[in-house]
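**Q**
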Amino acid sequence: MGAGKTTIGREVARLTQRPFVDTDEVIQARHGPIARIFEEEGEGEFRRLEEDVAREALISARPAVIALGGGAVTSSSTRDLLREQAYTVWLVVEPDDAWSRVRATDRPLAQDERDFRRLFADREGLYASACDARALTVEDVLLGSLRISSAPPGLPARAAVVADEHVLRLHGPPLGARVHPVPAGEAAKSPAVLHRLWAELRMGRAGVLVAFGGGSTTDVAGFAAATYLRGVEWVAWPTTLVGQVDAAIGGKTGINLEHGKNLVGAFHFPSAVVIDPSVLSTLPERERRNGMAEVVKTGLLAGKEVWNLADEEMIRACAAFKSAVVLADPYERTGRRAVLNLGHTFAHALETASGYSIPHGEAVALGLLAALRLSGLETDVVQEVLRPVPVRVDPERAWAALERDKKALDGRIRLVLLERPGEPVFPVELPADEVRRALAALIAD
């Protein structure tokens, strides 16, 4: 009690667009004040009610953010359900802070400081055994929910590594496992590379595949993991800014075809995502700017100038924002997750028309220009931070690729635009000639 479960839980629920359930509030709504239940019926009756409410919330078919009372994990059946049904976060708080927050309340177990501190110490072991992660902030909860951490996970000896051949020269393999090199950049995301990985992999279903490289590496390696033996566990270890703020997060995997980007793929969530800003020290400036395109996109969607933050804080903020959107719509069924494609409809068209010779980030920067223009908003931040330059591609090929965009419906192009920063809108259908003019403005004469 006093850890901030209700405050943080409400914010996580808002960001992930999930219902929020506070078990104490449910009990009070149904049975009256908790202090009265303790006084008239005893703690045993309260724990029975708490166990029932926790069970009801945990077995619900609708995913929710649930704030459990501080003593809920004293129930073995609740602990079993947490292991089976939930991702459980222990909000860590110092006893002095917790006591200062609850001492002036009517909480039955916070009336005597000595008893409170004894209870705090007695429960620590239960919290440690029941939790999947410890957290202090909303960001911690969001990142932890998708297993995003700066610390490499413990991996079995049977792990295999798929690594960008350029990154291997700079950093070496992250493990002593067998390494399967793939080309740098979009060249990795081809049917030929995928087929080679299928042929080379030697692991059972208990094996783990580690993707070590940029977003293209995690895309193709994740798809190999999704399809090899009908699916094996994998770990994303992105080494680029694009990968750390966007591409490696959210379970989207896939490859490109000649006539379109990411047209074949699968949702296959990694068991861990390792985000280590120190590996970015070897990034060339052009590659960093590619990553900054995704940072600017995230800031426009969130309505926050995340591009002005220090690197570690910036990466965490972007990764947490994407985590929240993914948790709201894990398999892109409600439309919420589609907002992450702000600018990408145009970007993918330019990439395809160039034969994937245009770097993804440079294409996204141009796509953001088009999206902001069609939204009727200023483009200053894109111009100042990303400095995009029109590219030379075949306009007809680019238009054909744009019409085949995955978000199109019955031949109608559907765009992600902004009402204002922080308020994305999808789907938006505009006249084809207006969209075509916006695309043409991104192409050099």
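Positions 87 to 531 (my numbering) are the ones given, in order, by the sequence shown. In this text, a Cβ means the ideal position worked out from N, Cα and C, and glycines have one as well. All figures in this text were calculated on a predicted structure; none of them were measured in a lab.
1) What does the Cβ neighbour count give for Pro267, buried or exposed, with the cut at 16 atoms within 10 Å?
2) Go to Trp185, then tell me how far its alpha helix (DSSP H) extends in each direction, as first and last residue.
3) Any chance you could list the beta strand (DSSP E) runs of at least 3 consecutive residues sitting entirely within the stretch 209-236, in chain order?
4) Looking only at its chain, what residues have a beta carbon closer than 8 Å to the beta carbon of Arg506, apart from the 5 residues adjacent to it on each side?
5) Rounded to the nearest angstrom, how far is the Cβ of Val475 from that of Glu380, given a contact under 8 Å?
6) By Cβ distance, which residues of its chain are closer than 7 Å to Asp192, with the 5 residues on each side in sequence left out?
7) Out of curiosity, what's the CA-to-CA distance linking Leu154 and Pro238?
8) Let me check understanding here. Comparing Cα to Cα, which of Gly497, Leu452, Ser409 and Leu460 lies closest to Ala530?
9) Taking the alpha carbon of Leu229 as the point to measure from, which residue in Val331, Ala184, His117 and Asp110 has its own alpha carbon closest?
10) CB-CB under 7 Å to Lys383, same chain, minus the five flanking residues each way: which ones, in chain order?
11) Is there contact between the stretch 206-215 and the stretch 112-126, where contact requires at least three CB pairs shorter than 8 Å?
12) In the DSSP assignment, what are the bridge partners of Pro267?
13) Kindly indicate which residue of Leu101, Val107 and Thr102 has the alpha-carbon position closest to the one of Lys91.
14) Please go through the same chain and pick out, in chain order, the residues whose beta-carbon is closer than 6 Å to the beta-carbon of Pro445, but skip the five residues on each side of it.
15) Quickly, what does DSSP pair Gly346 with across the bridge? List them, please.
16) Whole angstroms is fine: what's the gap from Ile335's alpha carbon to Ala405's?
17) In three-state DSSP terms, what is Phe202?
18) Grab the span of the beta strand (DSSP E) containing Trp176 for me, first residue to last.
19) Who are the near neighbours of Gly421 in its chain, counting only those whose CB is closer than 8 Å to its CB and skipping five residues on each side?
20) Once you ignore the five residues that flank Asn342 on each side, which residues in its own chain have a CB closer than 6 Å to its CB?
21) So Phe432 and Ala456 are in contact, right, with Cβ under 8 Å, and what is the actual spacing, rounded?
22) Determine the DSSP secondary structure at Ile361, reduced to helix, strand or coil.
23) Taking only the alpha-carbon atoms, compute the straight-line gap between Gln197 and Gly130 and give it to the nearest angstrom.
24) Taking 8 Å as the threshold (C-beta atoms), are Thr109 and Ala158 in contact?
**A** So, to answer that:
1) buried
2) Pro181 to Val188
3) 219-221
4) Gly389 and Leu463
5) Between Glu380 and Val475 the Cβ distance is about 18 Å, and since that is not below 8 Å, they are no contact.
6) Ala121
7) 30 Å
8) Leu452
9) Val331
10) Leu428, Gly429, Val450 and Leu454
11) no
12) Ala249
13) Val107
14) Asn376
15) Leu343
16) 7 Å
17) helix
18) Val175 to Leu177
19) Asp415, Phe512 and Pro513
20) Lys275
21) 5 Å
22) coil
23) 18 Å
24) yes
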